[in-house]
Amino acid sequence: MLKNIAIGQYYNADSPVHLLDPRVKVVLTAAFITMVFFVKNYWGYAALLMFVCFLSVISNVPPRVLIKTLKPMFYILVFTFILNLLFMQGEKVIFSLWFIRVTEEGLNQAVFLALRLLFLVAGASFLTLTTSPIELTDALERLMKPLTVFRFPAHELAMMMSIALRFIPTLLDEADKIMKAQASRGADFESGNIMQRARNMLPLLIPLFISAFRRADELALAMESRCYRGGKGRTHMKVLRMGARDAAATVLVAGLFTGIVLWG
1230 MLKNIAIGQY
1240 YNADSPVHLL
1250 DPRVKVVLTA
1260 AFITMVFFVK
1270 NYWGYAALLM
1280 FVCFLSVISN
1290 VPPRVLIKTL
1300 KPMFYILVFT
1310 FILNLLFMQG
1320 EKVIFSLWFI
1330 RVTEEGLNQA
1340 VFLALRLLFL
1350 VAGASFLTLT
1360 TSPIELTDAL
1370 ERLMKPLTVF
1380 RFPAHELAMM
1390 MSIALRFIPT
1400 LLDEADKIMK
1410 AQASRGADFE
1420 SGNIMQRARN
1430 MLPLLIPLFI
1440 SAFRRADELA
1450 LAMESRCYRG
1460 GKGRTHMKVL
1470 RMGARDAAAT
1480 VLVAGLFTGI
1490 VLWG
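In terms of the working numbering, the sequence shown opens at residue 1230 and continues consecutively.
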């Protein structure tokens, strides 16, 4: 059920990608996401696919884990693909039936947008799969630290983002437990069309919201009991330092970025 969804989860493994400085991973992920918007042809997407496969191999993240992170996007991808395929105007018609008119431009646009969404999710997923929540919090805080000159709450914002990411698998697990409890009482979440399944999910909202507020209250009490008072005066157990591995990763992504901008 929902516990098979891997969004926001960390995959613990011993790999060069896991050992990269989290600040470098955040910056390179942002560069990869930007790179996706520069792709203009299928050769560019082929290069991105090869890069994602290369990342999957060297990060020791199994393809099945990466595919699990893409599953929630399936219906959005299908909807986006069909919408662009049927309503994108073009001159070269490749299929026509009554009011349905599929053009070559519409097909290309539909494929491009679907691939773009896939690579955007894949890039963000690699960041969360190879970076623990604590490392991600430290990286975001260090990257935003220069903004503290303008009284920007860098630590607090980084902590909020980290907690939000950590809450995604927690809430999915809680929703899965509620679904199983209601299924044992006769609720049916598997049969029917998409609209019927969505309607059957509505009774989950109230207990899920109550559970989320309870978890948030427990987390707040736990943080207060440990005398958490924000980032002022706090030190870090692990000092972040960049090395040769980080430089090599930066050169690799910079080279791919340049190639995509010039020829992709």
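We put the CB at the ideal spot given by N, CA and C, even for glycine.
Distance check for residue 1263 and residue 1272, CA to CA, integer angstroms please. By one-based count along the sequence shown, residue 1272 stands at place 43. By one-based count along the sequence shown, residue 1263 stands at place 34. C-alpha separation (whole angstroms): 17 Å.
Given a cut-off of 9 Å, decide if residue 1299 and residue 1351 are closer than it, judged by their beta-carbon atoms. Locating residue 1351 in the sequence shown gives position 122, counting from the first residue. Locating residue 1299 in the sequence shown gives position 70, counting from the first residue. Contact check for residue 1351 against residue 1299 passes: the beta carbons are separated by less than 9 Å.
Is the beta carbon of residue 1261 less than 9 Å from the beta carbon of residue 1482? Here the question's residue 1261 lines up with position 32 in the sequence shown. Here the question's residue 1482 lines up with position 253 in the sequence shown. Yes; because the gap between Cβ atoms is below 9 Å, this pair is in contact.
Quick one: Cα of residue 1456 to Cα of residue 1367, how far? Taking the sequence shown and counting its residues from 1, one reaches residue 1456 at position 227. Taking the sequence shown and counting its residues from 1, one reaches residue 1367 at position 138. A straight-line Cα-Cα distance of about 19 Å links residue 1456 and residue 1367.
Secondary structure at residue 1366, three-state DSSP: helix, strand or coil? Along the sequence shown, read from residue 1 onward, the residue named residue 1366 stands at position 137. In the structure shown, residue 1366 sits in a helix (DSSP, three-state: H, G or I).
Chain-order list of residues whose beta-carbon lies under 8 Å from that of residue 1332 (same chain, five-residue window excluded): By 1-based counting over the sequence shown, the position of residue 1332 is 103. Beyond the five residues adjoining it in sequence on each side, residue 1332 comes within less than 8 Å, by CB distance, of 1317, 1318, 1319, 1320, 1321, 1322, 1323 in the same chain, given in chain order.
So for residue 1458, helix, strand or coil by DSSP? Indexing the sequence shown from 1 puts residue 1458 at position 229. Residue 1458 sits in coil when the DSSP states are folded into three classes, being neither helix nor strand.
Leaving out five residues on either side along the sequence, give the residues of the same chain with a beta carbon under 6 Å from the beta carbon of residue 1440. Translated into positions along the sequence shown, residue 1440 becomes position 211. Within the same chain, and ignoring the five residues on either side of residue 1440 in sequence, the residues whose Cβ sits closer than 6 Å to its Cβ are 1403.
Does the beta-carbon of residue 1243 have 16 or more other beta-carbons within 10 angstroms, so that it is buried, or is it exposed? Here residue 1243 refers to the residue found at position 14 of the sequence shown. With fewer than 16 Cβ atoms within 10 Å of its Cβ, residue 1243 is classed as exposed.
Looking at C-alpha atoms only, which residue of 1290, 1371, 1423 is the closest neighbour of residue 1388? Within the sequence shown, numbered from 1, the residue matching residue 1388 stands at position 159. For residue 1388, the nearest C-alpha among the options comes from 1371.
Cβ atoms of residue 1245 and residue 1189: under 9 Å apart, would you say? Beyond the ends of the chain as shown, which are 1230 and 1493, falls residue 1189; an answer cannot be given.
Going straight from the alpha carbon of residue 1384 to that of residue 1390, what length do you get? Residue 1384 sits at position 155 when you count from the first residue of the sequence shown. Residue 1390 sits at position 161 when you count from the first residue of the sequence shown. Near 10 Å, if we compare the C-alpha coordinates of residue 1390 and residue 1384.
In whole angstroms, give me the CA-to-CA distance for residue 1328 and residue 1314. Counting from one through the sequence shown, the residue named residue 1328 turns up at place 99. Counting from one through the sequence shown, the residue named residue 1314 turns up at place 85. Roughly 13 Å separates the two Cα atoms.
Quick check: the Cα distance between residue 1215 and residue 1258, rounded to an integer number of angstroms? Only positions 1230 to 1493 of the chain appear in the structure, and residue 1215 is not among them; the question remains open.
Using the beta-carbon count (16 or more within 10 Å), is residue 1475 buried or exposed? Within the sequence shown, residue 1475 is the residue found at index 246, counting from 1. Residue 1475 comes out buried.
Nearest-angstrom Cα separation, counted from residue 1341 out to residue 1347: Here residue 1347 refers to the residue found at position 118 when the sequence shown is read from its first residue. Here residue 1341 refers to the residue found at position 112 when the sequence shown is read from its first residue. Going from the Cα of residue 1347 to the Cα of residue 1341 covers about 10 Å.
How big is the Cα-Cα spacing for residue 1394 and residue 1487? For this step, residue 1394 is matched to residue 165 along the sequence shown. For this step, residue 1487 is matched to residue 258 along the sequence shown. Between residue 1394 and residue 1487, the C-alpha separation is close to 31 Å.
Assumed close pair residue 1426, residue 1418 - CB separation to whole angstroms, cut-off 8 Å: On the sequence shown, position 197 is the one that residue 1426 refers to. On the sequence shown, position 189 is the one that residue 1418 refers to. 6 Å between Cβ atoms; contact.
Tell me residue 1298's beta-bridge partners as DSSP assigns them. For this step, residue 1298 is matched to residue 69 along the sequence shown. BP columns for residue 1298 are empty, so no partner.
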